[in-house]
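If you read the sequence shown in the working numbering, its first letter stands for residue 24, the second for the next number, and so on.
Encoded as C-alpha cells, the structure appears first; notes follow it.
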Amino acid sequence: MRKILAALLSVFLLVFITTPAQAVSGTWSNPVVVSPTPFGNSVQVGLDIAPDGNGNLFSVWNQTDGSFQRVWISKSSNHGTSWSTPTAISPANQNSTQAVITIDKANTIYVAWYSTNGSFDKIQTSKSSNAGASWSTPIDLSSNADLNRRPVIASHGTGTVTVAWRTIDNGVSSDILSSTTTNSGASWSSEVAASTSGNSIYNQNPSLNYSPTGVAFLSWVQEDASQNVFAQISSKSGNTWSNPTTFTGQGTASTPSVAFGASNTVTASWAYADGVDVRVLTKSSTDNGASWSAPRTVAIANILLCDCSAQVVSTPTGVSTIVYSFGEVVESSTSHDNGVSWSTPTLVSDQSSQDIFDFDVVMDTNGNIAATWSEYSVGSQVNFVSVNTSEDNGITWDVPDILSDPNLTFSADNPRIAVDSAGYLIVNFVQQISATPHLVIQSSNVFWATPNTPSPDNGGGSELARTGSDFTLYFAGIMTILLGIGLIQLRRKA
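Below, the structure is given as C-alpha cells:
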C-alpha cells in the first residue's frame, strides 16, 4: 500500500505542478461607435485611451467640427459598452491633432495635443478634475515659433505630469523638449531640452514613462550627419534631463520602450536594422538608468528593413516581456531575471498577414498581457484589427481575435488598448465605413478574468470559459480523495 500511495502522490504532484494555468478565452463584444459623426480621411487620428481609478475610461481623438480639426473626448462608465456624447476640448477656429492622455492618482485627467495657427505649431494642454464634466482653458506649453509636434504625456503620483514633444528649429534641425507640472497643472515649467541640439530627431514619436520612484524616462530616435538613426534615452528626477545615452550605432532604430521591474530595475527595448538583418535589442539598468548593460539580442530576422518596433512591459517582481513586430508577425519573449536572459520567441499573431503595424500592449497588475495590432489581409486587401492575450507573462498566447468587422470592405487601424480597474480589456480603433472615406472610432471590450475567477455579467459582452484549469482542479480533487483513502488504510494496518 505504501508503494501505491507513493505512486499516487508522485502523479498528483507531477500533474498539479506542471499543468499550466490555461489562457482564459472570451468573446469580445461587438464594436460600438464612440464618435457618432463620421470624420474625414485624416491619417494621424491621434487616438488614445486611458482608465481612471473609479472604473471610468476616457478616449481622445481628433476629428473635424465641420471647419477645423478639433480634439474630442468621450467617457465610458461601463467598461466601454457605451460612450458619452463627445466633447471638443481644443480651441475652436484652429486645427488640433495628435492628442494624448494621462490620468494621475487623484483621477485628474490631462490631455495634450498640437495646434496650428497657419504659421507655426504649438503644444497645448487642458485638464479635468471632475471626471470630464468640465475642462480648463487650454494653455500653451511651447514658447517658440517653430513646428512643435508629436507630443507624449505621462504622470506620476498626484499632480506631477510631464509633456514632451518634437520641435523643428527653422526647418533645419530638431530637438526633444518637455514641460512639467508638479501642482496638478496650476503652473507648468519652461520648456527644457532633453536631446543634444544640432542633430535631427527622426520622424517618430518619442516615448515617455515615469518609474514607480518618480524618475521620468524619455527616449527618442535621432539622426546624425551621416544619416544614421540611433536610439537615445534620458532621465530626470527634477527639471533637468541627464545627458542622453546612445543605445545603437550605425543603422536605423525604432524609439525605445521602457518598463520598470523590481527595485530600481529598468528594461529598455527597441528594434534595430543594420543593413543585414533586423534585431530586437534590449538593455537593462539596476540603478534607475544611471548606467546600462551592454545590448542583448532578443530576436533576429534576416530581412534588410521593415517597419518594426518593440514594446516592453514588466511586473514589480522583475518579470519582463517584450512584444515586437517583424513586418509580417508579432512575437514575444520573456525574462524572469530583470532582463538578463530571454526566452525563445513565441508567436503572438497568426502567419497569414502581409504587414503588421500600429500595435499596442498593456499589462495588468497580475502580469497578464494583451496586445493589439493592425494587419493587412492579403485576401480582402484591407487592414483589420486583431488582439491576443497571455496569462503567463507571454510564455504562451491564445488564438488571436479579430475585432473589426471582417465583412466590411474598408480598413480598420490605429488600435489602442487599456485595462480598467474592474479587469475589462478595451480596444478602441479607427474604422473606415465608406469609400469617401469616413472614419469612426469604435470600441470593443471583454472581461479579462484570471483562471478560476468567476466572470461577472458585462452587459452583453463576454462569457468566459476556463478550459485547462478546471481539469486540474477536478484531478486534484480526485487525487486528494484517493490519498485520503490510502492514509486511512495505512492507519488501520498500523
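Don't be surprised by glycine CBs; every beta carbon is placed ideally from N, CA and C.
Which residues in the same chain have their Cβ closer than 6 Å to the Cβ of residue i, if we skip the five residues on either side of it in sequence?
| i | result |
| --- | --- |
| residue 66 | In this predicted model, residue 66 has a pLDDT of only 39, less than 50, meaning its place in the structure is not dependable enough to derive any value. |
| residue 144 | 137, 170, 171, 172 |
| residue 265 | 257, 258 |
| residue 318 | 304, 306 |
| residue 135 | 123, 148, 174, 176, 186 |
| residue 110 | 96 |
| residue 355 | 344, 346, 369, 371, 417 |
| residue 420 | 371, 411, 413 |
| residue 447 | 102, 468, 470 |
| residue 334 | 280, 346, 384 |
| residue 142 | none |
Relative to the alpha-carbon of residue i, which residue among the options has its alpha-carbon at the smallest distance?
| i | options | result |
| --- | --- | --- |
| residue 185 | 192, 166, 167, 205 | 205 |
| residue 23 | 316, 241, 69 | Coverage of the chain is limited to positions 24 through 517, which leaves residue 23 absent and any answer about it impossible. |
| residue 426 | 434, 407, 442 | 407 |
| residue 208 | 158, 236, 55, 256 | 158 |
| residue 380 | 234, 147, 329, 419 | 329 |
| residue 455 | 447, 449, 444, 438 | 438 |
| residue 444 | 81, 56, 366 | 81 |
| residue 389 | 405, 412, 373 | 412 |
| residue 267 | 240, 98, 156, 88 | 240 |
| residue 246 | 216, 53, 274 | 274 |
| residue 405 | 432, 291, 263 | 432 |
| residue 232 | 192, 289, 285, 263 | 289 |
| residue 338 | 385, 51, 409, 284 | 284 |
To the nearest angstrom, how far is the alpha carbon of residue i from that of residue j?
| i | j | result |
| --- | --- | --- |
| residue 510 | residue 440 | Unreliable positioning characterises residue 510 in this predicted model, as indicated by a pLDDT of 44, which lies under 50. A coordinate reading is not provided. |
| residue 391 | residue 468 | 16 Å |
| residue 178 | residue 276 | 26 Å |
| residue 77 | residue 130 | 8 Å |
| residue 115 | residue 105 | 27 Å |
| residue 360 | residue 70 | 34 Å |
| residue 84 | residue 58 | 9 Å |
| residue 212 | residue 202 | 5 Å |
| residue 341 | residue 417 | 14 Å |
| residue 86 | residue 464 | 10 Å |
| residue 368 | residue 336 | 15 Å |
| residue 164 | residue 90 | 25 Å |
| residue 345 | residue 332 | 10 Å |
| residue 451 | residue 382 | 12 Å |
| residue 569 | residue 167 | With the chain covering only 24 through 517, there is no way to say anything about residue 569. |
| residue 155 | residue 94 | 14 Å |
| residue 56 | residue 466 | 6 Å |
| residue 436 | residue 278 | 20 Å |
| residue 282 | residue 314 | 15 Å |
| residue 217 | residue 428 | 42 Å |
| residue 424 | residue 453 | 17 Å |
| residue 146 | residue 292 | 28 Å |
| residue 298 | residue 92 | 39 Å |
| residue 269 | residue 192 | 22 Å |
Beta-carbon within less than 8 Å of residue i's beta-carbon, same chain only, minus the 5 sequence neighbours each way: which residues are those?
| i | result |
| --- | --- |
| residue 180 | 127, 128, 237 |
| residue 323 | 300, 301, 302, 303 |
| residue 182 | 127, 129, 131, 204, 205, 206, 207, 208 |
| residue 287 | 234, 236, 308, 309, 310, 311 |
| residue 378 | 330, 350, 351, 398, 399 |
| residue 160 | 149 |
| residue 365 | 305, 319, 321, 345, 356, 357, 358 |
| residue 374 | 351, 352 |
| residue 53 | 467 |
Taking the DSSP output, what are the residues bridged to residue i?
| i | result |
| --- | --- |
| residue 466 | 55, 451 |
| residue 136 | 147 |
| residue 407 | 398 |
| residue 365 | For residue 365, which the question treats as bridged, DSSP gives no partner whatsoever. |
| residue 385 | 393 |
| residue 179 | 183 |
| residue 74 | 80 |
| residue 216 | 200 |
| residue 124 | 134 |
| residue 294 | 303 |
| residue 85 | 94 |
| residue 345 | 335, 356 |
Kindly give me the distance between the Cβ atoms of residue i and residue j, rounded to whole angstroms, as I take these residues to be in contact under 8 Å.
| i | j | result |
| --- | --- | --- |
| residue 113 | residue 119 | 4 Å |
| residue 371 | residue 394 | 6 Å |
| residue 117 | residue 139 | 7 Å |
| residue 227 | residue 215 | Contact doesn't hold; Cβ gap of about 20 Å is too wide. |
| residue 387 | residue 442 | 5 Å |
Can you find the residues in the same chain that come closer than 7 Å, C-beta to C-beta, to residue i, ignoring five residues on each side of it along the sequence?
| i | result |
| --- | --- |
| residue 189 | 172, 173, 197, 199, 224, 229 |
| residue 125 | 73, 133, 176, 177, 178, 184 |
| residue 219 | 267 |
| residue 100 | 78, 79 |
| residue 326 | 300, 301, 350 |
| residue 520 | For the chain, the structure presents residues 24 to 517; residue 520 sits outside this window and is missing. |
Quick check on residue i - is its C-beta less than 8 Å from some C-beta in chain C?
| i | result |
| --- | --- |
| residue 291 | Here chain C cannot be found, since the structure has a single protein chain. |
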